[in-house]
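First to last, the protein sequences are chains A and B. Just so you know, the numbering used here puts 171 at position 171 of the first sequence, and the rest follows in order with no gaps. Residues are numbered in the numbering used here as their position in the second sequence, beginning at 1, plus a constant of 1000. C-beta atoms are modelled at their ideal positions from N, C-alpha and C, and glycine is treated no differently.
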Amino acid sequence: MGIELQNINKQFGEYKAIDNLSLNIASGELIALLGPSGCGKTTLLRIIAGLELADSGKILLENKDTTNLPPRKKNVGFVFQHYALFRRLTVFENVAFGLKVLPFRERPSRSEIRDRVAHLLKLVQMDWALTRYPSQLSGGQRQRVALARALAVNPRVLLLDEPFSALDAKVRQELRRWLRKLHDEIHVTSIFVTHDQEEALELADKIVVINKGRIEQQGTPQEVYDHPANAFVYNFLGNVNVFHGRIHNGKVSLGAHQLDAPDDLKNVEEKPSQTFVRPHEIGISRIRSNDKDLEGTIREVRLQGGQIGLNIECQGLDNPIEAEVPRELFVNLQLAKGVQVFVTINRVRVFTGDYEI
Amino acid sequence: MPQPEISQSHPPVVKKRISDPLSVQVLLVGLTYLFFIGFIFLPLGLVFSQAFGKGWSVYLEAIREPYAIEAVKLTLLTVAIVVPVNAVFGVAAAWAITKFNFPGKSTLKSLLDLPFAVSPVIAGLIFVLLVGSRTPFGSWLGEHGIKIIFSTPGIIIATIFVTFPFIARELIPLMESQGRDEEEAALTLGAKGWQIFWTVTLPNIRWGLLYGTILCGARSIGEFGAVSVVSGHIRGQTNTVPLHVEILYSEYNFTASFAVASLLVFLALLTVVVKSTMEKHFQKNSFHH
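So, in structure tokens, the structure goes:
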């Protein structure tokens, strides 16, 4: 096992940041801790690094109990949200720092340090910047130097705290792909924290969804996205339409409309329910294809890159629904604001109970 | 998609100037200069004209007189001890206040300003009451041959008290704005406490520290009130430069008094020049984020 967390608890005053959380991560995996801000994901990362102490619980890194070790003995690489490069040191000195502070007996020779730093900077494509200072680099470049600095000490695990949040959209995407490639090359067990579901889905081998200090679900991106364990996960992973209603004798109410309940809820007699529909799982046509189609009027049209977002007011529903259609379809159907359309709901997820989000 | 329309017919109206009328400007600038002349240039000029009033030889004699030399030596000794002590204290206090959370932190932070708020005379009296020869602690020290009040240690302690906020106050906002990220990064990279201090923290605060040190030094040289209470004014023994100036003045020896005072003015001017040079450097360097 790369990382084993057993029953971790952490409380800040009245506020429970981590609530009896256990997690196993296999060696060499790239894991995303995904959750809203304040859910405890950064706290968990800092506990693993030893920057915070857990109130109780056990942490094993590569099968070694590191619960009570000080951070400098944990041998983890930590990449901070705002990089935390040493501003008075050059790029070279930043990356060499972890090697230079080693006790004399373990410290590599000067030429070994030079070679290792050169190798790492080449790995992160920053070998041209040896003598630069952090203030002379862009955000993405600082991030890569921070990564090289963390890797210099041969960490057991690599921890990244919101690694892309301070970058602009274009750089973020580039760096994301680059990090995935890098991880495939070096295979160090890594955890990154993010609140951006797209980032988690694209980058991670496994996603751990966290809310209020607890794990809601863990699994591959595919599993988590296609089979969300509960309403929170469904809602957090992407845009969604939510319909509050009741489930009654195998039928789910959707405003004035009725839908067949999913098989596992067929036998529920009467319960409050929440029905979720993703915007891209809604079909739009100009003619009625099915007697279950909803009739509506387009209220708003939004350009979203390759997709067009539609806000449609449907008869019998209290709130307008959000739909996404490919651009081609949008043009072919001659859709526009005010146009009458028929809405087919292709796929729904129904959760019972009053799950608060 | 329709192109957004860009109107060409109405160029933006540019106002000539958005500011106060000329008369107000002249008045304010004039008042500022008047104040500076009346309260700074004139008194400074007077010090030098008095000091050199009877010629160079009298001036040189006044500052080469043995008591004056002893006073300069004592002042320099005081500065040489007070500044390092307060530098260490200031860094420690700023470090503790900005990098850790502990009970009583905010109280401590506000108490840091106490030496500025309290009259220096009272600061001196506090130490007389604390370690004077009539107090139990003072007499115990006396029995062991240690004399604090009316001798050099008292002067040093009083000066430390009066000047200790300078460095800490300079460093606290600086260290607060820098946060603890870099220290934490060093920690995860395996550095020990002292290594972090020398390689990360100290380089980041060095300009602020130097700046605070200069202010602290300037104030230690010039401190009068607190030192006056604890010194006892023994010529050649417990007289610092400001006290020496005062004694000469009360003996109607105006020329000598102003001659020695001019030394203090020189130092003050030097401090201001060094300080403003450093401020420029400081600002330039603070872009290194």
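Taking Cβ positions, are H195/A and G40/A nearer each other than 8 Å?
-> Not a contact, by the Cβ cut-off of 8 Å.
Where do the N-terminal and C-terminal ends of the beta strand (DSSP E) with R422/A fall, by residue?
-> This structure gives no information on residue 422/A, because the portion of chain A shown stretches from 1 to 357.
Identity of the residue in H187/A, F330/A, I345/A, R172/A nearest V339/A by Cα = The candidate whose alpha carbon is nearest that of V339/A is F330/A.
Touch test, the region 1187-1206 of chain B against the region 86-102 of chain A, Cβ-Cβ under 8 Å, three pairs minimum | Contact between the region 1187-1206 of chain B and the region 86-102 of chain A is present: three or more C-beta pairs spanning the two stretches fall below 8 Å.
Three-state secondary structure (DSSP) at H195/A?
-> Three-state result, H195/A: coil.
Can you grab the Cα-Cα spacing for the pair H1289/B / L137/A, in whole Å?
-> With a pLDDT of 40 at H1289/B, under the threshold of 50, the modelled position of that residue is not reliable, and the figure given next carries that caveat. H1289/B and L137/A: Cα-Cα distance of roughly 10 Å.
State buried or exposed for K271/A, treating a residue as buried only when at least 16 other CB atoms are found within 10 Å of its CB.
-> The C-beta of K271/A has fewer than 16 other C-beta atoms within 10 Å across all chains shown, which makes the residue exposed.
Specify the secondary structure class of K64/A as computed by DSSP and reduced to three states.
-> It is a strand residue.
Would you give the residue range spanned by the alpha helix (DSSP H) that H187/A belongs to?
-> Neither: H187/A is in no alpha helix (DSSP H) and is coded neither H nor E.
R176/A by DSSP, collapsed to three states: which one?
-> Note: R176/A maps to helix in three-state DSSP.
Closer than 6 Å by C-beta to V124/A: which residues in its own chain qualify, once you throw out the five before and the five after it? Chain order, please.
-> Cβ-Cβ distances below 6 Å link V124/A to R144, L147, A148 in the same chain, with the five nearest sequence neighbours on each side left out; the list follows chain order.
Comparing alpha-carbon positions, which option in H1281/B, I1172/B, E1183/B lies nearest G1090/B?
-> Residue I1172/B is the option with its Cα nearest to G1090/B.
Could you check the C-alpha separation between S1007/B and F1036/B for me, to the nearest Å?
-> In this prediction, S1007/B scores a pLDDT of 47, lower than 50, which makes its location untrustworthy; no coordinate-derived value is stated.
With distances taken Cα to Cα, identify the nearest neighbour of E185/A among V153/A, S111/A, E29/A.
-> Of the listed residues, the one whose Cα sits closest to E185/A is E29/A.
E4/A by DSSP, collapsed to three states: which one?
-> Looking at E4/A - three-state DSSP - the assignment turns out to be strand.
Would you check if there are 3 or more beta carbon pairs closer than 8 Å linking the region 232-240 of chain A to the region 249-261 of chain A?
-> No: the two stretches stay apart, fewer than three of their Cβ pairs being nearer than 8 Å.
For S190/A versus L167/A, is the C-beta distance shorter than 8 Å?
-> No, Cβ-Cβ distance for S190/A and L167/A is not below 8 Å.
Tell me S285/A's beta-bridge partners as DSSP assigns them.
-> The partner list for S285/A (beta bridge, DSSP) reads F342/A.
DSSP three-state assignment for C1216/B, whether helix, strand or coil | Three-state DSSP puts C1216/B in a helix.
Compare the C-beta of A336/A with all C-beta atoms of chain B and state if any pair is closer than 8 Å.
-> So, not an interface residue.
On the three-pair Cβ rule with 8 Å, is the region 1026-1035 of chain B touching the region 265-283 of chain A?
-> Contact fails between the region 1026-1035 of chain B and the region 265-283 of chain A, because fewer than three Cβ pairs, one in each stretch, are under 8 Å apart.
Check the Cβ of K1073/B against every Cβ in chain A and list those closer than 9 Å, keeping chain order.
-> For K1073/B, no chain A residue has a Cβ inside 9 Å of its Cβ, as the nearest lies near 38 Å away.
Whole-angstrom Cβ separation of I1167/B and G1232/B, contact assumed at under 8 Å?
-> Not really, about 29 Å apart at Cβ, beyond 8 Å.
Could you name the residues of chain A that N1204/B contacts, counting a contact when the two beta carbons are closer than 9 Å?
-> Per Cβ cutoff of 9 Å: F86, R87, R88.
What are the start and end residues of the beta strand (DSSP E) that includes T275/A?
-> For T275/A, the enclosing beta strand (DSSP E) has its first and last residue at 270-277.
Determine, using beta carbons only, whether F1258/B and V1047/B come nearer to each other than 8 Å.
-> Against a cut-off of 8 Å, the Cβ pair of V1047/B and F1258/B comes out as a contact.
C-alpha gap between M1278/B and G219/A, whole angstroms = Between M1278/B and G219/A, the C-alpha separation is close to 57 Å.
May I have the straight-line CA-CA distance separating G1045/B from A1093/B, to the nearest angstrom?
-> Distance from the CA of G1045/B to the CA of A1093/B, rounded to the nearest whole angstrom, comes to 40 Å.
In three-state DSSP terms, what is H227/A?
-> For H227/A, the secondary structure class from DSSP, reduced to helix, strand or coil, is coil.
Among E322/A, P326/A, T297/A, nearest to A336/A - alpha-carbon criterion | The shortest C-alpha separation from A336/A is found at T297/A.
Report all residues from its chain with a CB closer than 6 Å to the CB of G13/A; omit the five preceding and five following residues, and keep chain order.
-> Result list for G13/A: empty, nothing under 6 Å.
How big is the Cα-Cα spacing for V1121/B and T1098/B?
-> Taking the straight line from one Cα to the other gives about 31 Å.
CA-to-CA distance, E328/A to F342/A, given in whole angstroms | Their Cα atoms are separated by approximately 18 Å.
Report back the beta-carbon spacing between P326/A and G305/A to the nearest angstrom; my notes put them in contact at under 8 Å.
-> Rounded, the Cβ-Cβ distance is 11 Å, inconsistent with contact.
Three-way DSSP call (helix, strand, coil) for D1181/B in this model = Secondary structure of D1181/B (DSSP, three-state): helix.
Residues within the region 94-120 of chain A neighbouring chain B, beta-carbon criterion of under 8 Å = Close to chain B, meaning a Cβ-Cβ distance shorter than 8 Å, are the following residues of the region 94-120 of chain A: F97, G98, V101, L102.
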